[in-house]
Structure formats: structure tokens, C-alpha cells
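Undergrad: Below you'll find the structure I mean.
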Amino acid sequence: DSGVTQTPKHLITATGQRVTLRCSPRSGDLSVYWYQQSLDQGLQFLIQYYNGEERAKGNILERFSAQQFPDLHSELNLSSLELGDSALYFCASSVYGGFTDTQYFGPGTRLTVL
Amino acid sequence: AQKVTQAQTEISVVEKEDVTLDCVYETRDTTYYLFWYKQPPSGELVFLIRRNSFDEQNEISGRYSWNFQKSTSSFNFTITASQVVDSAVYFCALSSNDYKLSFGAGTTVTVRA
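Protein chains in written order, with my numbering: chain H, 1 to 114; chain B, 1001 to 1113.
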């Protein structure tokens, strides 16, 4: 158990809908990352937050947004969902958010868009 | 830009055999970190090891060992005397000054009893 929690574990929804994925980092970690894992793209970095502020952005679609709250939990919002958004979404956390940190991953949220 | 290549897509071995997973990386940065993660069938990503670019010492942890060779930009991972519980997808990853982890495509290891 990495100490990173993600809810829900599974999510099934329809095209065009909007969903919210939630992540709580390990105790003491200030930085949160979101990754998407799909069969065709592999593991792709989406976005990083550090102490409530966006720090780095990867291949995140405009339909996707995220935020980190004062209690350091984070939410990833996915809207106007398409079939291709079906994937495993991971949250990771680290202490300071620098590239020397080890990122610890949560169990993931499996999103299925029908 | 960073790139991690895991050329082996799948490896199948019989229990107690050794298995070596290859990882080759590309980066222009002189300071970087390399990682291995394990993804068992349950789906979570489990951290195994972190190594910085200035430390080329090989490392052993139980049945796991890692060989870092800067000259060939490789960070290979060996499982000795494999067990069925080692069956998983193993990812090599790189981080440098852009904060994110760049992952390889992963190698699926199947250990047969």
C-alpha cells in the first residue's frame, strides 16, 4: 500500500458525460501528479500540482482539468467524454515535486466510456 | 526530450529461471533519475528502485538486481530465481528537469509454475 488513495476504483459512464476522479496524497507529500494509462498510448503524464499550484502540464486535453485543494487532495475532471478516454487514471504523489523525488502511485481509477 | 525504450514486449519463463529486463534511455540532461515500477495483475504501480545518474553502482535487493551503465544508457533489471508472484508488467522510467516521469512501454513477465 503506497499510502495514495484514489476514488472511485471503477467508473462506467456514457459519451458526452462529465466525471470527477479524486486523489489523496501520502501524508506529508505536497505534490500530486496525474497519469493516464491506455493500451495505445501507454503511461502518459497529464499534469502536476505542488501545494495547490499547477507546476507542469503534459499531454492533457482541453476537456480535462484538475486542481489541488488546500488540504492537498486533488481532483481530475474529465468532460465531454469520448470512447477514447477509456483508460486507467493514476494519481501519484511525492514530497517536494522535484525531479529527484520518487513518485508513489495510487491504485488507479478505471474509467470506461460506453 | 526524454525517451525510454523497453524493447522486450513479453518474456515467459519457468519458475526458478532468471529473467533480465532491458531498459535503454535517452536524455540530454546530465542529471537525471531512473526508476523501475512493477504493475501486477491487480493494476497498481509499485515502486521498486530509484537511481541517480551519478551513481553507477549496481544494486541488489533480495532476488532483484539492477545494472546501470551510463556508457550504454542502460538500466537493466534482473530477477533471480523467478517466482509466480513475479508475474507482472515492469516499467522503466526516467525523470529529469521537466518533473514528469517518462515511462517505457513496459515488459510483461509471465512466470510459469
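A virtual CB, placed ideally from N, CA and C, is assigned to each residue, including glycine.
Which residue marks the beginning of the beta strand (DSSP E) containing Q1039(B), and which one marks its end?
TA: Taken as a continuous stretch (DSSP letters only), the beta strand (DSSP E) holding Q1039(B) covers 1033–1039.
Undergrad: At a Cβ threshold of 8 Å, is N1100(B) touching chain H?
TA: Note on residue identity: the sequence assigns Lys, not Asn, to residue 1100(B). Yes, because at least one Cβ of chain H sits closer than 8 Å to the Cβ of K1100(B).
Undergrad: In this structure, how does DSSP classify V4(H) when only helix, strand and coil are distinguished?
TA: Here V4(H) sits in coil by DSSP.
Undergrad: Are Y96(H) and L30(H) closer than 8 Å when you measure CB to CB?
TA: Against a cut-off of 8 Å, the Cβ pair of L30(H) and Y96(H) comes out as a contact.
Undergrad: Relative to the alpha-carbon of Y35(H), which residue among L78(H), K9(H), L88(H) has its alpha-carbon at the smallest distance?
TA: Ranking the options by Cα distance to Y35(H), first place goes to L88(H).
Undergrad: The beta strand (DSSP E) that contains C1092(B), what's its start and end?
TA: It spans 1088–1095 - the beta strand (DSSP E) in which C1092(B) sits, taken as one unbroken run.
Undergrad: If you draw a straight line from the C-alpha of C1023(B) to the C-alpha of S1074(B), how long is it?
TA: Whole-angstrom Cα-Cα distance: 6 Å.
Undergrad: On the three-state DSSP scale, how would you describe K1003(B)?
TA: K1003(B): strand per DSSP, three-state reduction.
Undergrad: According to DSSP, is L88(H) helix, strand or coil?
TA: Strand.
Undergrad: Output the distance between the C-alpha atoms of N59(H) and Q44(H), rounded to the nearest integer angstrom.
TA: Rounded to whole angstroms, N59(H) to Q44(H) spans 7 Å at the Cα level.
Undergrad: Where do the ends of the beta strand (DSSP E) carrying T1107(B) lie?
TA: Its beta strand (DSSP E) spans residues 1107–1112.
Undergrad: Go through the region 22–70 of chain H residue by residue and report every complete run of the beta strand (DSSP E) that reaches 3 residues or more, in order.
TA: Entirely contained in the region 22–70 of chain H, the beta strand (DSSP E) runs reaching 3 residues are, in chain order, 31–38, 42–50, 53–57, 64–68.
Undergrad: Please compile the residues from chain B whose C-beta is within a distance smaller than 7 Å of the C-beta of F105(H).
TA: Under the 7 Å cutoff, chain B gives E1044, L1045.
Undergrad: Check each residue of the region 49–65 of chain H: if its Cβ is closer than 7 Å to any Cβ of chain B, include it; give the result in chain order.
TA: Cβ contacts with chain B: R55, A56, G58.
Undergrad: For the structure I just gave you, are there three or more beta carbon pairs, one from the region 1104–1111 of chain B and one from the region 1083–1092 of chain B, closer than 8 Å?
TA: Touching, per the Cβ criterion.
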